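Take a look at the structure below.
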Amino acid sequence: MAVIFKTEFIDNTIPNDPRLEELKYWCREFQKRNLTPLYKERSLGNLSFRIKDKHESFIITAAALALKDDLTDDSFVIIRSYDPERGIVFASGTKEPSSESVLHFSIYSKRKDVNAVFHGHSGRIIYSSDDLELASTKQFEQYGSIELVKSVLDVLGDELFLVMKKHGFLALGKNMEEAGTCAMKVYEQAQALKIQKIQSKHQEDRTSR
Ligand SMILES: [Zn+2]
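And the structure:
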């Protein structure tokens, strides 16, 4: 996957934050529901939280993790800042940060009310997005690209959930609890819709017999 930024490590400090346990919990919850599906041994999706109100730094999952595994603190990276001119992300940690770090950074910059950004992949949610009237980007853009970031910022407004067309979704919240609960709620609605459609199909088949 082409990454649009280079990482400059300020130091190799591993995040040491009590809220990491909560982030690990949500990583597991996402994995359980297949919202971060494995592709070539790596989980698609990335989760982060803002370290301090209104500050730009945040903690995010490292690139190429398998979220089903027991995550250790070094599975996370601190993003300190981002220089769009030079395309450099300044980080602390021992692993490359998620390839969508610039997307997370841009959302935190634009939305001071948001302190958690959870990005997952779910065919079920994408498939149901029109029926559930979910906010969505207008077109597909390449993973990790600046175009993808722009497409999200274009429709972000004050949404707390949005679909990235033919790609995945973003659940936002003033804290992790809110972002995670929001993602679970939409996922359950999408699941319920599927069951409803299967049942009405059965009904149709029965009456047309
Ligand atoms: Zn993605």
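Take the sequence shown: its letters are residues 13 to 221, numbered as in this note's numbering.
Ideal Cβ placement from N, Cα and C applies to all residues, glycine included.
What you are looking at is a predicted structure, and each value in this text was computed from that prediction instead of being measured.
Does the beta-carbon of G180, which I'm using as the reference point, lie nearer than 6 Å to any heavy atom of ligand 1?
On the sequence shown, position 168 is the one that residue 180 refers to. Result yes, Cβ under 6 Å from ligand 1.
Do P109 and I72 have their C-beta atoms within less than 7 Å of each other?
Within the sequence shown, the letter at position 97 stands for residue 109. Within the sequence shown, the letter at position 60 stands for residue 72. Between P109 and I72, the gap from beta carbon to beta carbon is short of 7 Å.
The alpha helix (DSSP H) enclosing H214, as first and last residue numbers
In the sequence shown, the residue the question calls residue 214 occupies position 202. Boundaries of the alpha helix (DSSP H) harbouring H214: 188 to 220, taken from the DSSP string.
Can you list the beta strand (DSSP E) stretches of 3 or more residues lying completely in the segment 54 to 103, in chain order?
Every beta strand (DSSP E) stretch that sits fully inside the segment 54 to 103 and reaches 3 residues is listed by chain position as 58 to 62, 70 to 73, 88 to 95.
Going by the CB atoms, is the gap between V89 and A76 shorter than 7 Å?
On the sequence shown, position 64 is the one that residue 76 refers to. On the sequence shown, position 77 is the one that residue 89 refers to. Against a cut-off of 7 Å, the Cβ pair of V89 and A76 comes out as no contact.
Would you give the residue range spanned by the beta strand (DSSP E) that F181 belongs to?
Position 169 of the sequence shown holds residue 181. If you look at F181, you'll find it in the beta strand (DSSP E) that goes 180 to 185.
Cβ shell of N24 (< 6 Å), same chain only, five flanking positions each side left out
Walking along the sequence shown from the start, residue 24 turns up at place 12. Here the set comprises T106.
Out of Q203, R54, L174, point me to the one whose CA is closest to S111's CA.
Your numbering for residue 111 matches position 99 in the sequence shown. That would be R54, whose Cα lies nearest to the Cα of S111.
DSSP has H133 in a bridge; who is on the other side?
Counted from its first residue, the sequence shown places residue 133 at position 121. Paired residue(s): none; H133 is not in a bridge.
Using only CA atoms, which one of E20, K178, G99, A78 lies nearest to T8?
Outside the displayed range of the chain (13 to 221) lies residue 8, so it cannot be described from this structure.
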